[in-house]
Amino acid sequence: MIWDSFKMIWKIFYRNKFFLLVLVLAFLYVETLFYHYLFLDYDPGETLARSSFVVQGGIIVSMMLGVQIIRVEEKVKLDELLSSIQLGTLNKLLGKALFFLSLILVFSLISIFSLFLMLYISGLSISSFYLSAALYILLYWSLSFLIGGIIGSLFAFWIKGKLLYVFIILVWLLISPLNTPFMIQLGLLFNIENTLELSNLFNLGQANPYEPYHALYGYSLEVAQWLKKGLWITFLFALIFLSIGLKTRRIHNFMVALVIFLVSIPFSYAFNQEDQVLAFDREADAVFEYDFNYYQDYHDLFSEENGDDIIILGYDIVLNTNRKITASVDVNLQNIGETEKDMLTFSLYHNLKVNEVSYGDNSLNYEQKGDLVSVNLPSGIRPQEVLTLSFDYVGISSPSFFANEQAVNLPFYFPWLPTTKQSPAMKIYDSEIFWLPLHPNAEIEYSLSYTGPEPLYTNLNKMPNGTWKGKTKNGITLIAGSVGKEIIADVEIIYPLTSESMLGEFDQFNSVISTSITEITRILDIKETFNIKQVIFRPTFSDLNIPEQFVWASEDQLIISSNIYFQNNEGSLEESNPYLTYGLVPAVTWKYEGVIFEDLTYVQLFDASFSYWYNENKGIETTYSFFEFFVDDLKRQADFNQQNSEKEDTELVFKAKIAEKLYRGIKNGKIDELFFREWYSELRSGNADWESLKQRIEL
1 MIWDSFKMIW KIFYRNKFFL LVLVLAFLYV ETLFYHYLFL DYDPGETLAR
51 SSFVVQGGII VSMMLGVQII RVEEKVKLDE LLSSIQLGTL NKLLGKALFF
101 LSLILVFSLI SIFSLFLMLY ISGLSISSFY LSAALYILLY WSLSFLIGGI
151 IGSLFAFWIK GKLLYVFIIL VWLLISPLNT PFMIQLGLLF NIENTLELSN
201 LFNLGQANPY EPYHALYGYS LEVAQWLKKG LWITFLFALI FLSIGLKTRR
251 IHNFMVALVI FLVSIPFSYA FNQEDQVLAF DREADAVFEY DFNYYQDYHD
301 LFSEENGDDI IILGYDIVLN TNRKITASVD VNLQNIGETE KDMLTFSLYH
351 NLKVNEVSYG DNSLNYEQKG DLVSVNLPSG IRPQEVLTLS FDYVGISSPS
401 FFANEQAVNL PFYFPWLPTT KQSPAMKIYD SEIFWLPLHP NAEIEYSLSY
451 TGPEPLYTNL NKMPNGTWKG KTKNGITLIA GSVGKEIIAD VEIIYPLTSE
501 SMLGEFDQFN SVISTSITEI TRILDIKETF NIKQVIFRPT FSDLNIPEQF
551 VWASEDQLII SSNIYFQNNE GSLEESNPYL TYGLVPAVTW KYEGVIFEDL
601 TYVQLFDASF SYWYNENKGI ETTYSFFEFF VDDLKRQADF NQQNSEKEDT
651 ELVFKAKIAE KLYRGIKNGK IDELFFREWY SELRSGNADW ESLKQRIEL
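Residue numbers are given in the numbering used here: position 18 of the sequence shown equals residue 18, and the series is strictly consecutive.
The following block contains the structure:
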């Protein structure tokens, strides 16, 4: 009976020319989308990230199809006949469900197969990216179409006449990927708050259809997204059996509805648990909003309780990134000062909430305020004494440095581990957020037990028992997600899977890096020897108009960032060479040494001017010059201030004039490497200021 119902529905729709036309047009649109991003404007990740119109159109088509499936018997006068047959209504329902599921499955499988074929032909190696693409289609296409079809069927079950289509359109606007404008208007009309959060809750597509593909994080396939779809489906199936029960008055339908409602409770509980899901829009926790809003109002001043007297000898870390960070960290400390300390202070990202700090079996009193954790030691720590404190904490990491079941991006300079450097993790400079260098500068032993997405890439060594161990001078970095690994010229390269075409240029790129680091450290009289064994190419959300965010260096590791809106393809490494110097200079100088400046403009002037001078002398500089842009921008700010402010900012005008003098000095060949070597010596000692720079330029 079920199979007969399936065949009957198939024959009816097979003869419907409009239905076949819609199906053909859908396939043509999907194939055109794939072709564009794989052969015309190569960006494999965008093939699905830009598929919101597929979901948008697919949901309305599915809803209308659901209506037609319910009403088909009315047209051929079979409804009363089937209801008179034992189990006829149920068999009819199951046959229709089988037809609809088969249709969705065929569409999804053909789309997946064609995408895989085009990806392979375009030159993208087979990797976990293929699997994530298939899961994306299942989550955002197949399940969304299924939900749309069920909603259409329920409306058709209860509503007769043309009013049905009004409800269909309203619900479609509510649950489709482009629901944000609709929800905002509803919020204004009915004075509803948190409309953006509500739009994400109802949206069956990705949270923001305009968001770019994040080549490290991958497609948004978090547990929360699957739980949301599970909630939708269980709730709608419960409504189906409740509706059938109300029509047939049979108790077993009510019982099935009740069971399904009960099944939805675990989905609801799990869905409401705290977790990290990247949001790209204007929500309070969005990537471009959260940290900026927090640190814009951050005014806590850290006391120097530790000074340089407390050093960390080792970390023993147990880390779980299932939906959020859960960590138990033993920190081995030593007091190398001459006085006893009864309070220790640590920096830890503020959203990582400390549950307990203990010494042995004793819980200690502590206070967590902002990015600072202060711990009271009842018996103190005497000079040269070594002790181990245990920290248990849990929470959501920064949107810029995420860690969940899908991807991990925890660099060595971000305080996801308690550090004795007392500073906030970030600071706002001129309306831009800047990540501060909070990494250690001394040899520390690390032991890591990790549960989370794999493979995990780090600068520690993996042991046979599954843990990671090692000793590093500048901290550890953990990277996992949609990334792969290659070894070229004895350097381990961690790169986004969708950017593998750039690897062909790495030999030359690595040569430029090695030469530049050697020359920069020689000119500036930096004694540190860098032995880069691992290079991580990492997409980021930062505004890379600030070159200081572009490159981060430890003694053996280089992290090179690219904006998520930029796809690293063949030729991109060569194109980045002039800009690379502007990132390398701060990376191997003051950032490496962990110096934090109040006046970023001053140190930016050093970075930009020295990088420009270096590029000019090494024949690297092309038509692009960030230094020229920097000087012009300072002049524009000063001119604007003079014309539009009641009180002139004389300090800004002074800075702009010094920057212009420095630029002219370099262009005229009057600035040499001795100038920069002495300037950097002053800079690292903390004795440099604008007046001394003015005098140095004039001399």
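Backbone N, C-alpha and C define an ideal beta-carbon position, used for all residues, glycine too.
Of all C-beta pairs linking the segment 497 to 513 to the segment 135 to 154, fewer than three are shorter than 8 Å, placing the two stretches out of contact. One thing to note: L204 has its Cβ within 8 Å of the Cβ of I175. Between F261 and A224, the CB-CB gap reaches or exceeds 8 Å. The alpha-carbon of K655 is positioned some 29 Å away from that of I517.
Contact annotation: A480 and P453 have beta-carbon atoms nearer than 8 Å. For the pair of segments examined, the segment 496 to 506 was found not to touch the segment 449 to 468: the number of CB pairs separated by less than 8 Å stays below three.
Its Cα nearest to that of P212, the residue Y37 stands out among Y37, S390, Y579. The C-beta separation of L139 from W226 comes to about 7 Å, placing the pair in contact by the 8 Å criterion.
In chain order, A587, V588, Y592 place their CB closer than 6 Å to the CB of A553, counting only its own chain and leaving out the 5 sequence neighbours on each side. Annotation: N365 to Y269 spans about 33 Å, alpha carbon to alpha carbon. For R538, the enclosing beta strand (DSSP E) has its first and last residue at 534 to 540. Ranking I147, E405, D330 by CA distance to the CA of I59 puts I147 first. Separation of the CB atoms of P496 and L216 is rounded to 6 Å, and the pair is thereby assigned contact status at 8 Å.
Annotated three-state conformation of N641 is helix, per DSSP.
Beta-bridge annotation (DSSP): I560 is paired with F537, V551. For D507, the uninterrupted alpha helix (DSSP H) run begins and ends at 506 to 523, by DSSP. Taking every protein chain shown into account, the CB of I192 has fewer than 16 other CB atoms within 10 angstroms, so this residue is exposed. Secondary-structure assignment with DSSP links T339 through no beta bridge to anything. For K471, the closest of A442, A489, I494 by C-alpha to C-alpha distance is A442.
Distance from the CA of D297 to the CA of V22, rounded to the nearest whole angstrom, comes to 53 Å. When Cβ pairs closer than 8 Å are counted between the two stretches, the segment 235 to 253 is seen not to touch the segment 421 to 436, the count staying below three.
Linking F254 to L242 through their CA atoms gives a straight-line distance of about 6 Å. As the crow flies, the alpha-carbon of T388 is around 21 Å from that of Y450. Annotation for T581: S516, S611, Y614, N615, I620 place their beta carbon closer than 7 Å to its own, counting only its chain and skipping 5 residues before and after. I70 is the residue among T458, I70, F627 whose C-alpha sits nearest the C-alpha of I240.
Around the CB of L188, fewer than 16 other CB atoms lie within 10 Å, so the residue is classed as exposed. Classified as buried, D607 has 16 or more neighbouring CB atoms from the shown chains inside 10 Å of its CB.
In the structure shown, the three-state DSSP call for Y393 is strand. Of the residues assessed, T180 falls on the buried side of the cut-off, its CB having 16 or more other CB atoms within 10 angstroms. The C-beta distance from D599 to I433 rounds to 17 Å, too long to fall under 8 Å, and the pair is not in contact.
Excluding sequence positions up to five before and after L448, its CB lies within less than 7 Å of the CB of I317, L319, L460, T467, W468, all in the same chain and listed in chain order. Closest in C-alpha terms to W590, from the list V67, I150, D525, comes D525.
Just measuring C-alpha positions, the residue of I121, T458, L65 sitting nearest D556 is T458.
In this chain, the beta strand (DSSP E) harbouring G484 covers 483 to 488.
For L278, the number of other beta carbons within 10 angstroms of its own is at least 16, and it is reported as buried. Taking C-beta atoms as the reference points, G152 and L65 count as a pair closer than 8 Å.
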